[in-house]
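**Q**
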Amino acid sequence: MTEDLSPAERFAAARVRAADEATALAPFRRMYAFDLDPFQLEACQALEAGKGVLVAAPTGSGKTIVGEFAVHLALQQGRKCFYTTPIKALSNQKYTDLAKRYGAGRVGLLTGDNSVNADAPVVVMTTEVLRNMLYAGSQSLVNLGYVVMDEVHYLSDRFRGAVWEEVIIHLPDSVTLVSLSATVSNAEEFGDWLDTVRGDTEVIVSEHRPVPLWQHVMAGRRMYDLFEEESDHGGRGTARREVNPDLVRLARMENQRTYNPRDRRRGKMIREADRERERRQRSRVWTPGRPEVIERLDAEGLLPAITFIFSRAGCEAAVQQCLYAGLRLNDEDARARVRAIVEERTAAIPTEDLNVLGYYEWLEGLERGIAAHHAGMLPTFKEVVEELFVRGLVKAVFATETLALGINMPARSVVLEKLVKWNGEQHADITPGEYTQLTGRAGRRGIDIEGHAVVLWQRAMDPAALAGLAGTRTYPLRSSFKPSYNMAVNLVQQFGRHRSRELLETSFAQFQADRSVVGISRQVQKNEAGLEGYREGMTCHLGDFEEYARLRRDLKDRETELAKQGAAQRRAAAAVSLEKLKPGDVIHVPTGKFAGLALVLDPGIPAGRTNGHRGFEYHDGPRPLVLTAERQVKRLASIDFPVPVEALERMRIPKSFNPRSPQSRRDLASALRTKAGHIVPERHRKPRSAAADDREIARLRAELRAHPCHGCAEREDHARWAERYHRLQRDTRQLEHRIEGRTNTIARTFDRIVALLTEMDYLRDDEVTEHGRRLARLYGELDLLASECLRDGVWEGLDPAELAACVSALVYESRQADDAVAPKVPGGRAKTALGEMVRIWGRLDALEEDFRINQAEGVGQREPDLGFAWAVHQWASDKSLDEVLREAEMPAGDFVRWSKQVIDVLGQIAAAAPRENSTVAKNARKAVDALLRGVVAYSSVG
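Each residue of the sequence shown is one higher than the one before, counting from 125 in my numbering.
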């Protein structure tokens, strides 16, 4: 109490209050209805003291307040602040928030889609936009005081992460950097790097969740706590977290129960529904259905909820299941409010487009308080779902994991259906970092007392493993930085080769690589001590056992080499036999998943191509497209033909045959079985082993028998020690190579890129040529290919729609390989130009191989993907949305997203293309206008 203080103490307290009131932080704190947390105060005070900050805190903890204080400081000081985000949706959301607070006249927005008030003192932008400004030396950078990098942990992203490091390295020293990150386990390491490249940086780490998170498992009719009641569910203390013994007991009992899904009833297989019903009767628990889960959460007051389903189709199916189950989460008043908001936000979309987009089914779900949220949806539809969810008018959202990336959609509960997801290559367990990111949405600050994470019971679930996932709240930040062609010419243009090389060595990637060498060096020292011990163990009194062991290894290596040669010869013979196949040949596939009778639809030999191009589909021999006797159309690979194959019979393939039609496949497969089902293929005889007649093997065996150590009674014992010695010696050499490989790795890659660009006349020492200046304006994964197409005049004479089709090949990537049929492409000049683009890519690919530029390491040019060319050509040719989407077989959201990326690259090409004697720049601008209509043109910002 103030009355209890002495006059001197009251005077001192008054001085402290006066000093606080004199800071920029005092008026900023009064802008909020709640007190700032200690970590927020610490970060804001460091910022006001002129330091950079790295704030690592859980999702939903309010880190963005620190970024908003940087905006406040910039405006107070009469300087600029750029607020960067990883995704456009987050930029749009942040722009709206800041415009409400500071007024639309003081806040701007710059993304690939929108440019609003770009000269404002506060501009929200995607990180790529700021990177491009830095390389272009934009005048917008003048008087820039602060840069906020929201979701800075995105620099781990292997496709786009390098952009964050480029910005951090190249920002002027006068700019104060505010880095906001999810909780990462190596925040101090990242902070040390920021301190090195940006100067004085304060690292503030908070593990505290403002809203405690409770973890549950829903099994059957019960919801179990994952941890015991007395333990530390919400991260509020330091109590030890023990797995709920009831859950452990349940898992043990369920895993002991035996159930055979192939039980038969009256001679027929039990249908799936019957099997599920029987399993429920036998078992105490089951995985609750989606409507059942929502009803349970609603009954227990745990809505609104986000259910994460790692599939777009699964999200849409979940909404339909809830609608069919008659689920209604909104009353009549809420339904009317939903309809009014939806109709207002979609008023600009023509009625015929609404029908194509499934508007009425979508609206029915929204009126009931249920919606999906995924990248395949129209951006406008996603934004409406987000708005309704925040307003409490949508209470159950089924979403893919993309929703977890920063979008402000906190919920009371988060549900995870499964702990496995497709990562682009295989089904893999989600990581602790992904689990933290997803469940971080649970618990709305200022609304909920606690948040809830619910994992649905799955057969063979291990509660201890789930507890480990839930208990590991952090994940390491790993750099994905790699130099690119565009980066190289921009750096050389600004700094010259030598200084550019030095700059790249300051990257976080190199910082981490250099630190990792310390541990490897220690391991090398341990290995060298171990080698001494093994050398003693293999010592033989009869002679030099190391020499004897080397003879044994040489013999084994020679035998292995001959075996590989034999396998290679067999593969070569098989490849030759595959090259002789023609459409209509009936063959017998000797092995693999599709072994058996098959009809060749396409021999899989690209026209005008020869074997040998790395990365090209033919690099491993022909890949015939076949129809199997089981009605499957598949593209086979050389691995399916370990031995030569020959045609058993010939068949005519009807001109009307459509590999996408089940009826067509069924009819042709039936004809195949009738024609050749009785033929028994000849068995391939294994040839005599080459080792039996090899002189080198005979010589080595003779030397072994003549060696003194061959007669030692302890020979095999010595040999075991010798084998251990050899393995450890090999491992030690590999570690030494890793040490050599990790030092200056980024700079060495940069050197190889510069050498290739010099060979192609983009660079001449420190001079950037005209071609190089063009490349400097082209950003993207296929920057060099785009530059070469401009250089060779590949796109000259194309109309706007044809140019859009060609440019789509530079940006589009199929979500999965479609090995059934080649993509449909426009004919005429566009087809010729696309073929020429693939030819140029083949030349670049061979050149990259010569200069040891490896696509597997994230550097180099992937093959252009023609899968979007037809759709974008049709849209640019003014075809209707219904017609385009029906032919493209693509969700509206994907179509809009890829179209906007094509528009972005067309804008770059318009800026980079030659001004004289060229139609490309003019037609690129016309193509942008042709694409920017209808659903593609609907702006996310009003």
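Here a beta-carbon is modelled for each residue, glycine too, at the ideal position from N, C-alpha and C.
I need the DSSP call for R515, collapsed to helix, strand or coil.
**A** Along the sequence shown, read from residue 1 onward, the residue named residue 515 stands at position 391. Coil, per DSSP.
**Q** Classify R888: buried if its beta carbon has 16 or more other beta carbons within 10 angstroms, exposed otherwise.
**A** Sequence index remark: in the sequence shown, residue 888 carries index 764 (1-based). Per the 10 Å Cβ criterion, exposed.
**Q** If you follow the alpha helix (DSSP H) that M257 is in, where does it begin and where does it stop?
**A** Working through the sequence shown from its first residue, we reach residue 257 at position 133. Where M257 is concerned, the enclosing alpha helix (DSSP H) stretches over 251–260.
**Q** Keeping to the same chain, check which residues put their C-beta closer than 7 Å to that of D726; ignore five residues upstream and five downstream.
**A** Looking up residue 726 in the sequence shown gives position 602. These residues qualify, in order along the chain: P707, P748, L749.
**Q** Going by DSSP, name the residue or residues bridged to F432.
**A** Residue numbering aside, residue 432 sits at position 308 when the sequence shown is read from its first letter. BP columns for F432 point to A523, L540.
**Q** Going by DSSP in three states, T208 sits in which element: helix, strand or coil?
**A** Position 84 of the sequence shown, counting from 1, holds the residue named residue 208. Strand at T208.
**Q** With DSSP collapsed to three states, give me the class of L178.
**A** The count along the sequence shown starts at 1 and reaches residue 178 at position 54. In this structure, L178 counts as strand in the three-state DSSP scheme.
**Q** For the 8 Å Cβ check, are there 3 or more pairs between the segment 603–620 and the segment 873–883?
**A** The segment 603–620, when compared against the segment 873–883, does touch it at the 8 Å Cβ threshold.
**Q** Would you mind sorting S130 into buried or exposed? The rule is 16 or more other CB atoms within 10 Å of its CB.
**A** As a working note, residue 130 is residue 6 in the sequence shown. By the neighbour-count rule (16 or more Cβ atoms within 10 Å), S130 is not buried but exposed.
**Q** For S938 and D989, which I take to be in contact (beta-carbon distance under 8 Å), what is that distance rounded to the nearest angstrom?
**A** Here residue 938 is taken as the residue at index 814 of the sequence shown, counted from 1. Here residue 989 is taken as the residue at index 865 of the sequence shown, counted from 1. Indeed, because the Cβ distance is near 6 Å, the residues count as touching under 8 Å.
**Q** Which value, in whole angstroms, describes the spacing of the CA atoms of A173 and S215?
**A** Translated into positions along the sequence shown, residue 173 becomes position 49. Translated into positions along the sequence shown, residue 215 becomes position 91. Those two C-alpha atoms are separated by around 28 Å.
**Q** What's the C-alpha gap between E574 and L426?
**A** Indexing the sequence shown from 1 puts residue 574 at position 450. Indexing the sequence shown from 1 puts residue 426 at position 302. When rounded, the distance between both Cα atoms is 10 Å.
**Q** Take the Cβ of Y448 as the centre, count every other Cβ of all protein chains shown within 10 Å, and call the residue buried at 16 or more, exposed below.
**A** By one-based count along the sequence shown, residue 448 stands at place 324. The residue is exposed, with fewer than 16 neighbouring Cβ atoms inside 10 Å.
**Q** Could you tell me whether the Cβ atoms of L702 and V769 are closer together than 8 Å?
**A** For the purposes of this step, residue 702 is identified with residue 578 of the sequence shown, where counting begins at 1. For the purposes of this step, residue 769 is identified with residue 645 of the sequence shown, where counting begins at 1. Cβ distance < 8 Å, so L702 and V769 count as in contact.
**Q** Starting from the C-beta of R346, find all residues in its chain whose C-beta is less than 6 Å away, skip the five residues before and the five after it, and write them out in chain order.
**A** Along the sequence shown, one-based indexing puts residue 346 at 222. Around R346: no qualifying Cβ.
**Q** Which same chain residues end up closer than 8 Å to T869 when comparing Cβ atoms and leaving out the 5 residues on each side of it in sequence?
**A** As a first step, residue 869 must be located in the sequence shown, where it is residue number 745. Same-chain partners within the cutoff: A633, Q634, A637.
**Q** In the segment 802–863, which residue ranges form an unbroken alpha helix (DSSP H) of at least 4 residues, counting only runs that do not cross its ends?
**A** Qualifying alpha helix (DSSP H) stretches, in chain order: 819–830.
**Q** Taking the continuous beta strand (DSSP E) assigned at Y270, which residues delimit it?
**A** Translated into positions along the sequence shown, residue 270 becomes position 146. That run of the beta strand (DSSP E) goes 268–273.
**Q** Among all the DSSP beta bridges, which residues are the ones paired with K545?
**A** For the purposes of this step, residue 545 is taken as residue 421 along the sequence shown, with counting starting at 1. Looking at the DSSP assignment, K545 forms a beta bridge with A552.
**Q** Nearest-angstrom Cα distance between D1053 and H895?
**A** Here residue 1053 is taken as the residue at index 929 of the sequence shown, counted from 1. Here residue 895 is taken as the residue at index 771 of the sequence shown, counted from 1. About 27 Å.
**Q** Indicate the three-state DSSP secondary structure (helix, strand or coil) for L655 in the structure shown.
**A** Indexing the sequence shown from 1 puts residue 655 at position 531. Three-state DSSP puts L655 in a helix.
**Q** When the Cα atoms are used, what is the spatial distance from A81 to W999?
**A** Absent from the model: residue 81. The displayed extent of the chain is 125 to 1066, so no value can be given.
**Q** If we count the other Cβ atoms within 10 Å of its Cβ and call it buried at 16 or more, is E656 buried or exposed?
**A** Taking the sequence shown and counting its residues from 1, the one referred to as residue 656 is at position 532. That one is exposed.
**Q** Can you tell me the Cα-Cα spacing of V1059 and H498, whole angstroms?
**A** Locating residue 1059 in the sequence shown gives position 935, counting from the first residue. Locating residue 498 in the sequence shown gives position 374, counting from the first residue. V1059 and H498: Cα-Cα distance of roughly 17 Å.
**Q** Mark E491 as exposed unless 16 or more other C-beta atoms lie within 10 angstroms of its C-beta, in which case mark it buried.
**A** Residue mapping note: residue 491 aligns to position 367 of the sequence shown, counting from 1. Label assigned to E491: buried.
**Q** Which value, in whole angstroms, describes the spacing of the CA atoms of L421 and G1017?
**A** Looking up residue 421 in the sequence shown gives position 297. Looking up residue 1017 in the sequence shown gives position 893. Spanning the two alpha carbons is a distance of roughly 30 Å.
**Q** Would you identify the three-state DSSP class for I571, choosing helix, strand or coil?
**A** The residue given as residue 571 occupies position 447 in the sequence shown. Reduced to three states, the DSSP call for I571 is coil.
**Q** Near E800, which residues of its chain fall below 7 Å by C-beta distance, leaving aside the five closest residues on each side in sequence?
**A** Working through the sequence shown from its first residue, we reach residue 800 at position 676. Reading the sequence as shown, one finds Ala at residue 800 and not Glu. So the list reads V710, L721, L772, E773, once near-sequence residues are dropped.
**Q** Going along the chain, which residues of its own chain have a beta-carbon closer than 6 Å to the beta-carbon of R414, five neighbours each way excluded?
**A** Taking the sequence shown and counting its residues from 1, the one referred to as residue 414 is at position 290. If we look at R414 and ignore the five residues flanking it on each side, its Cβ neighbours are A442, Q445.
**Q** Check for me: the beta strand (DSSP E) holding Y348 runs from which residue to which?
**A** Counting from one through the sequence shown, the residue named residue 348 turns up at place 224. Its beta strand (DSSP E) spans residues 346–349.
**Q** What does the Cβ neighbour count give for N614, buried or exposed, with the cut at 16 atoms within 10 Å?
**A** Here residue 614 is taken as the residue at index 490 of the sequence shown, counted from 1. With 16 or more other Cβ atoms within 10 Å, it is buried.
**Q** Answer yes or no: do D274 and G184 have a C-beta to C-beta separation smaller than 8 Å?
**A** In the sequence shown, residue 274 corresponds to position 150, counting from 1. In the sequence shown, residue 184 corresponds to position 60, counting from 1. It is not a contact, given that the beta carbons lie outside the stated cut-off.
**Q** Mind checking P746: buried by the 16 CB within 10 Å criterion, or exposed?
**A** Within the sequence shown, residue 746 is the residue found at index 622, counting from 1. Burial call: buried.
**Q** M342 bridges to which residues according to DSSP?
**A** For this step, residue 342 is matched to residue 218 along the sequence shown. DSSP lists M347, L580 as partners of M342.
**Q** Under the assumption that V538 contacts T560 (Cβ atoms under 8 Å), give the Cβ distance between them as a whole number of angstroms.
**A** Taking the sequence shown and counting its residues from 1, the one referred to as residue 538 is at position 414. Taking the sequence shown and counting its residues from 1, the one referred to as residue 560 is at position 436. Not confirmed; about 11 Å, so no contact.
**Q** Check the DSSP bridge columns for L971 and list the partner residues they point to.
**A** Here the question's residue 971 lines up with position 847 in the sequence shown. For L971, which the question treats as bridged, DSSP gives no partner whatsoever.
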